[in-house]
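Novice: Sequence lines, in order, name chains A and B.
Under the UniProt record's numbering, the first residue of the first sequence is numbered 1, with each subsequent residue one higher.
Under the UniProt record's numbering, the first residue of the second sequence is numbered 1, with each subsequent residue one higher.
C-beta: ideal position from N, C-alpha, C; glycine also.
Fair warning: this is a prediction, and the values are worked out from it, not measured in the lab.
To start, I am sharing the structure in question, which I have written as structure tokens.
There are 2 protein chains.
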Amino acid sequence: MSADISLAVSTAIFALRPHPDTGLSALWIPLVRRTRDPFENRWALPGGWVSPDESLSDAAARNLLETTGVEPTYLEQLYAFGAVDRSPDRRVVSIVYWALVRPEQADAATDGDNVRWFLADDLPELAFDHNLIVDYALWRLRTKMEYSRIAHAFLGPTFTLTELREVHEAVLQRPLDPANFRRQVEPTLVATETLVTGGRHRPPRLYRYDESVRLVDNGPLTIATPRSTP
Amino acid sequence: MSADISLAVSTAIFALRPHPDTGLSALWIPLVRRTRDPFENRWALPGGWVSPDESLSDAAARNLLETTGVEPTYLEQLYAFGAVDRSPDRRVVSIVYWALVRPEQADAATDGDNVRWFLADDLPELAFDHNLIVDYALWRLRTKMEYSRIAHAFLGPTFTLTELREVHEAVLQRPLDPANFRRQVEPTLVATETLVTGGRHRPPRLYRYDESVRLVDNGPLTIATPRSTP
DNA sequence: GCACTTAGGGTCAGGGTGACTACAACTCGG
DNA sequence: CCGAGTTGTAGTCACCCTGACCCTAAGTGC
Numbered sequence: 001m002s003a004d005i006s007l008a009v010s011t012a013i014f015a016l017r018p019h020p021d022t023g024l025s026a027l028w029i030p031l032v033r034r035t036r037d038p039f040e041n042r043w044a045l046p047g048g049w050v051s052p053d054e055s056l057s058d059a060a061a062r063n064l065l066e067t068t069g070v071e072p073t074y075l076e077q078l079y080a081f082g083a084v085d086r087s088p089d090r091r092v093v094s095i096v097y098w099a100l101v102r103p104e105q106a107d108a109a110t111d112g113d114n115v116r117w118f119l120a121d122d123l124p125e126l127a128f129d130h131n132l133i134v135d136y137a138l139w140r141l142r143t144k145m146e147y148s149r150i151a152h153a154f155l156g157p158t159f160t161l162t163e164l165r166e167v168h169e170a171v172l173q174r175p176l177d178p179a180n181f182r183r184q185v186e187p188t189l190v191a192t193e194t195l196v197t198g199g200r201h202r203p204p205r206l207y208r209y210d211e212s213v214r215l216v217d218n219g220p221l222t223i224a225t226p227r228s229t230p
Numbered sequence: 001m002s003a004d005i006s007l008a009v010s011t012a013i014f015a016l017r018p019h020p021d022t023g024l025s026a027l028w029i030p031l032v033r034r035t036r037d038p039f040e041n042r043w044a045l046p047g048g049w050v051s052p053d054e055s056l057s058d059a060a061a062r063n064l065l066e067t068t069g070v071e072p073t074y075l076e077q078l079y080a081f082g083a084v085d086r087s088p089d090r091r092v093v094s095i096v097y098w099a100l101v102r103p104e105q106a107d108a109a110t111d112g113d114n115v116r117w118f119l120a121d122d123l124p125e126l127a128f129d130h131n132l133i134v135d136y137a138l139w140r141l142r143t144k145m146e147y148s149r150i151a152h153a154f155l156g157p158t159f160t161l162t163e164l165r166e167v168h169e170a171v172l173q174r175p176l177d178p179a180n181f182r183r184q185v186e187p188t189l190v191a192t193e194t195l196v197t198g199g200r201h202r203p204p205r206l207y208r209y210d211e212s213v214r215l216v217d218n219g220p221l222t223i224a225t226p227r228s229t230p
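In structure tokens form, the structure reads like this:
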């Protein structure tokens with residue numbers, strides 16, 4: 001049996017905010033300061049223990065809300081980390097999730113002594129194996145960006161093509177040709193009638209995602225494992 | 001804390017063997033018969049409890065060997081299943097792995113009352129949520145076949161292009177053009193000097209994988225989480 | 001020697017991609 | 001009110017990858 005193994009969930013949360021140097025959108029991640037040993041005062045991913053009456057994704061969502069005040073628009077399991085020595089005092093297996101939030105939702109997690117936002121590509125030394133975990137989560141986010149539709153988790157229901165392109169550029173860290181980008185994503189979108197005026201240029205059209213276009217995602221798990229709390 | 005959650009590992013093992021009807025290679029999976037409740041007498045994925053002094057992948061490999069006698073050439077974590085009601089009597093979280101074995105290794109797991117090989121695409125109703133798990137594992141195998149190099153886990157160190165192509169055909173369940181297939185995979189291979197004579201046709205050349213060609217795989221986890229027991 | 005079978009090299013048309021050009025349509029400064 | 005500035009959107013073109021297809025190479029077996 002395995003009663004002496006503790007089961008935890010942690011989540012790597014990503015949000016887009018301006019980079020302090022360039023002003024361009026960049027990936028940020030909220031971390032919590034540990035208030036006890038091991039790794040007291042080190043920054044760590046938000047997380048906690050799984051209680052017996054909640055699913056893993058529910059536990060992740062609950063811990064997220066409790067520790068950082070964040071309610072994500074996207075939540076997916078990343079990996080189960082279970083090396084014997086990953087916690088110095090006892091055996092902990094962590095089911096790690098990754099989440100995407102919109103800027104407004106991110107603001108719910110106000111910086112404070114206990115929660116602080118960091119640039120995802122420039123983190124301090126974290127507690128446990130959390131640096132490795134964030135690296136892996138970043139890799140998954142960037143890989144998945146290329147073939148799936150997760151970018152929309154950073155945006156509202158409607159958006160301009162430039163907004164969508166800037167999400168891709170921020171995550172992939174390279175500029176994309178506006179015309180070519182349009183050609184590629186337009187088949188998965190539906191144009192609305194609305195144009196956004198007010199900019200000092202030609203007003204862009206608002207788009208929404210075309211729900212009828214199915215993309216490869218998580219295969220059989222896509223429908224099979226919905227969150228029990230919507 | 002989480003002492004009342006049991007932590008298990010299970011593994012979906014794949015091997016290629018001839019299909020009884022067509023004679024072509026097909027995917028087979030070994031299952032074990034449950035000897036106690038819940039789901040007594042139902043077929044299930046091999047698995048067992050994680051002990052506190054072994055990593056998750058070690059636990060998977062050990063359980064594999066104990067229950068089916070199989071030592072895989074490839075072992076990768078699939079997903080952590082943790083729905084509250086997936087086991088009727090108590091709360092079990094299962095870290096599921098998937099494995100690939102060569103035919104010789106597969107023969108170690110002789111069919112018997114307790115272990116039997118099934119066609120992966122034609123399974124009976126399994127215990128727990130194991131049908132969903134196998135579906136997901138199959139999806140991952142087939143998806144990964146297209147962009148990675150896992151096919152080699154079904155083969156020895158050297159192989160002909162036809163052997164490699166037949167592995168792809170068996171997994172993807174569709175015929176591939178030999179000439180086009182060669183063009184696509186040859187850049188990742190090294191030709192040996194050896195030709196295989198004895199067939200009633202032009203002798204094919206043996207190839208081996210080019211270790212210097214890096215493919216996208218599991219990102220940061222590729223090197224970071226090796227099995228502790230090699 | 002000839003039929004047969006698979007190995008392996010080549011061609012060609014079509015689709016997608018990146019680089020680039022051109023025009024459209026708004027705001028703002030004068 | 002007009003032109004400059006800026007971004008949105010359409011289109012072109014060369015290139016590469018792909019699938020479909022053809023052809024020759026080189027063994028075995030009769």
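(1) Output yes if chain A places a C-beta closer than 9 Å to the C-beta of residue 139(B); else output no.
(2) Where does residue 62(A) fall in DSSP's three states?
(3) Can you give the Cα-Cα distance for residue 55(A) and residue 91(B), rounded to whole angstroms?
(4) If I follow the unbroken beta strand (DSSP E) through residue 24(B), where does it start and stop?
(5) Report the rounded CA-to-CA distance for residue 220(A) versus residue 133(B), giving the unit in angstroms.
(6) Spell out whether any CB of chain B is found under 9 Å from the CB atom of residue 198(A).
(7) Alpha carbons only, please: which of 18(A), 100(A), 4(A), 128(A) is nearest the one belonging to residue 34(A)?
(8) Determine, using beta carbons only, whether residue 93(B) and residue 7(A) come nearer to each other than 9 Å.
(9) Helix, strand or coil for residue 160(B) per DSSP?
(10) In this structure, does DSSP put residue 126(B) in helix, strand or coil?
(11) Compare the C-beta of residue 25(B) against all C-beta atoms of chain A and say whether one is closer than 9 Å.
(12) From the DSSP output, in three-state form, read off residue 90(B) for me.
(13) Taking a cut of 8 Å between CB atoms, which residues from the segment 18 to 44 of chain A lie near chain B?
(14) Name the chain B residues that come within less than 7 Å of residue 5(A), Cβ to Cβ?
(15) I'd like to know if residue 227(B) contacts chain A, where contact means its C-beta is closer than 9 Å to some C-beta of that chain.
(16) Under the three-state reduction of DSSP, which class applies to residue 176(A): helix, strand or coil?
(17) Please check if any C-beta of chain B sits within less than 9 Å of the C-beta of residue 10(A).
(18) Check whether the segment 165 to 173 of chain B and the segment 13 to 29 of chain B touch, using three or more Cβ-Cβ pairs below 8 Å as the test.
(19) Determine, using beta carbons only, whether residue 106(A) and residue 75(A) come nearer to each other than 9 Å.
(20) Looking at residue 95(A): is its Cβ nearer than 9 Å to the Cβ of residue 9(A)?
Specialist: Looking at the coordinates:
(1) Stepping through the second sequence from its first residue, residue 139(B) is reached at position 139. Yes, contact with chain A.
(2) Your numbering for residue 62(A) matches position 62 in the first sequence. Correct three-state label for residue 62(A): helix.
(3) Stepping through the first sequence from its first residue, residue 55(A) is reached at position 55. Stepping through the second sequence from its first residue, residue 91(B) is reached at position 91. Between residue 55(A) and residue 91(B), the C-alpha separation is close to 10 Å.
(4) The residue you call residue 24(B) lines up with position 24 of the second sequence. The continuous stretches of beta strand (DSSP E) do not include residue 24(B), and DSSP gives it neither H nor E.
(5) For the purposes of this step, residue 220(A) is taken as the residue at position 220 of the first sequence. For the purposes of this step, residue 133(B) is taken as the residue at position 133 of the second sequence. Going from the Cα of residue 220(A) to the Cα of residue 133(B) covers about 9 Å.
(6) Counting from 1 along the first sequence, the entry for residue 198(A) is found at position 198. No, because no Cβ of chain B sits closer than 9 Å to the Cβ of residue 198(A).
(7) For the purposes of this step, residue 34(A) is taken as residue 34 along the first sequence, with counting starting at 1. Checking every option, the nearest Cα to that of residue 34(A) belongs to 128(A).
(8) Translated into the one-based positions of the second sequence, residue 93(B) becomes position 93. Translated into the one-based positions of the first sequence, residue 7(A) becomes position 7. Closer than 9 Å, so yes.
(9) The count along the second sequence starts at 1 and reaches residue 160(B) at position 160. Three-state result, residue 160(B): strand.
(10) What you label residue 126(B) is simply residue 126 of the second sequence in a count that begins at 1. Residue state, collapsed to three classes: coil.
(11) Start at 1 with the first residue of the second sequence, and residue 25(B) comes out as number 25. Not an interface residue.
(12) Translated into positions along the second sequence, residue 90(B) becomes position 90. Looking at residue 90(B) - three-state DSSP - the assignment turns out to be coil, as it is neither helix nor strand.
(13) none
(14) Translated into the one-based positions of the first sequence, residue 5(A) becomes position 5. 7, 50, 52, listed in chain order.
(15) As a first step, residue 227(B) must be located in the second sequence, where it is residue number 227. Here the model assigns residue 227(B) a pLDDT of 46, short of 50, so the residue's position is not dependable, and the following value carries that caveat. No, residue 227(B) does not count as interfacial toward chain A.
(16) Reading the first sequence from its first residue, position 176 is the one you call residue 176(A). In the three-state reduction of the DSSP assignment, residue 176(A) falls in the coil class, being assigned neither a helical nor a strand state.
(17) If you number the first sequence from 1, residue 10(A) lands on position 10. Not one chain B Cβ lies under 9 Å of residue 10(A).
(18) yes
(19) Here the question's residue 106(A) lines up with position 106 in the first sequence. Here the question's residue 75(A) lines up with position 75 in the first sequence. No.
(20) Residue 95(A) sits at position 95 when you count from the first residue of the first sequence. Residue 9(A) sits at position 9 when you count from the first residue of the first sequence. With contacts defined by Cβ atoms closer than 9 Å, residue 95(A) and residue 9(A) form a contacting pair.
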